[in-house]
Amino acid sequence: GAGVSQSPSNKVTEKGKDVELRCDPISGHTALYWYRQSLGQGLEFLIYFQGNSAPDKSGLPSDRFSAERTGGSVSTLTIQRTQQEDSAVYLCASSLDFPTGSSGNTIYFGEGSWLTVV
Amino acid sequence: GENVEQHPSTLSVQEGDSAVIKCTYSDSASNYFPWYKQELGKRPQLIIDIRSNVGEKKDQRIAVTLNKTAKHFSLHITETQPEDSAVYFCAASPHQAGTALIFGKGTTLSVSS
Numbered sequence: 098g099a100g101v102s103q104s105p106s107n108k109v110t111e112k113g114k115d116v117e118l119r120c121d122p123i124s125g126h127t128a129l130y131w132y133r134q135s136l137g138q139g140l141e142f143l144i145y146f147q148g149n150s151a152p153d154k155s156g157l158p159s160d161r162f163s164a165e166r167t168g169g170s171v172s173t174l175t176i177q178r179t180q181q182e183d184s185a186v187y188l189c190a191s192s193l194d195f196p197t198g199s200s201g202n203t204i205y206f207g208e209g210s211w212l213t214v215v
Numbered sequence: 010g011e012n013v014e015q016h017p018s019t020l021s022v023q024e025g026d027s028a029v030i031k032c033t034y035s036d037s038a039s040n041y042f043p044w045y046k047q048e049l050g051k052r053p054q055l056i057i058d059i060r061s062n063v064g065e066k067k068d069q070r071i072a073v074t075l076n077k078t079a080k081h082f083s084l085h086i087t088e089t090q091p092e093d094s095a096v097y098f099c100a101a102s103p104h105q106a107g108t109a110l111i112f113g114k115g116t117t118l119s120v121s122s
């Protein structure tokens with residue numbers, strides 16, 4: 098595709114419900130990232146997939162958060178038993194390869210999924 | 010792991026002035042330092058990046074400098090324009106495979122005409 102695609106763009110859910118957020122990276126990109134941006138805050142790293150390697154889950158804030166990437170392409174971020182503090186924009190990004198000293202590994206962001214937990 | 014500090018959190022300048030945003034990082038193995046611009050309601054977009062084998066890079070009104078010894082890098086915007094108003098994020102990435110970009114908390118730049 099032309100860019101990183103995320104769905105839904107907006108999601109309102111009740112506290113305690115589970116939500117799934119989808120990311121479709123740029124075709125051919127092996128690296129995929131999830132970041133969270135709370136209102137007026139920075140970009141908080143959540144999880145990173147690189148090819149067939151085990152994902153870096155070090156940024157996931159709790160065990161209610163999980164993500165998978167099927168077939169090396171589409172990724173789903175799942176938040177179980179949502180809490181109000183989970184309200185944020187969840188940004189997915191992809192790059193051709195992991196960031197290194199070489200060129201061509203710019204990270205491209207999607208438009209984000211705005212999650213509101215009421 | 011990597012930690013990136015960014016200052017200031019907010020910056021207001023008059024049109025035509027210069028703006029400087031500074032970042033420090035903790036992991037001496039980091040070797041890639043991009044800057045992203047995020048306009049209100051939009052996605053972050055790369056505006057310039059620098060690799061550890063150079064000390065400075067310029068692209069028209071934007072420049073980035075890197076001091077690896079001190080582990081800090083800076084974004085310089087000259088002749089600022091109202092359309093430069095946005096949130097700017099710095100980031101750092103260690104060289105190892107399997108490590109994501111770690112971002113600073115952002116600087117909200119306001120350029121008044």
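Protein chains in written order, with our numbering: chain F, 98 to 215; chain P, 10 to 122.
Every residue, glycine too, gets a C-beta built ideally from N, C-alpha and C.
If we call anything under 7 Å between Cβ atoms a contact, is Glu24/P one with Ser122/P? yes
Quick check on the DSSP output: what are the complete beta strand (DSSP E) runs of length 3 or more inside the segment 16-45 of chain P, in order along the chain? 19-23 and 28-34
Which of the three DSSP states is assigned to Ser102/P in this structure? strand
For Phe98/P, return the contacting residues in chain C, with the cut-off set at a CB-CB distance below 8 Å. Absent from the structure is chain C; the protein chains it does hold are F and P.
Segment contact, 8 Å Cβ cut-off, at least three pairs: the segment 98-114 of chain F with the segment 205-214 of chain F: yes
How about Phe206/F: is its C-beta nearer than 7 Å to some C-beta of chain P? yes
Buried or exposed (CB count within 10 angstroms, at least 16 for buried), Thr116/P: buried
Using only the alpha-carbon positions, how far apart do Pro152/F and Ala190/F sit? 14 Å
Would you kindly work out how many angstroms separate the C-alpha atoms of Glu165/F and Glu11/P, rounded to a whole number? 24 Å
Rounding to the nearest angstrom, what Cα-Cα distance links Gly125/F and Leu193/F in this structure? 7 Å
Does the separation of the CB atoms of Thr203/F and Leu118/P fall below 7 Å? no
Measure the C-alpha to C-alpha separation of Leu75/P and Val63/P and round it to an integer number of angstroms. 7 Å
Around the C-beta of Gly198/F, are 16 or more other C-beta atoms found within 10 angstroms, so that it is buried, or is it exposed? Bear in mind that a pLDDT of 43 at Gly198/F, under 50, signals an unreliable position, so the number given afterwards is only what the model happens to contain. Per the 10 Å Cβ criterion, exposed.
Please classify Arg52/P as buried or exposed, where buried requires at least 16 other C-beta atoms within 10 Å of its C-beta. buried
In the DSSP output, which residue or residues are listed as bridge partners for Thr116/P? Tyr97/P
Thinking C-beta only, is Phe112/P closer than 7 Å to Phe98/P? yes
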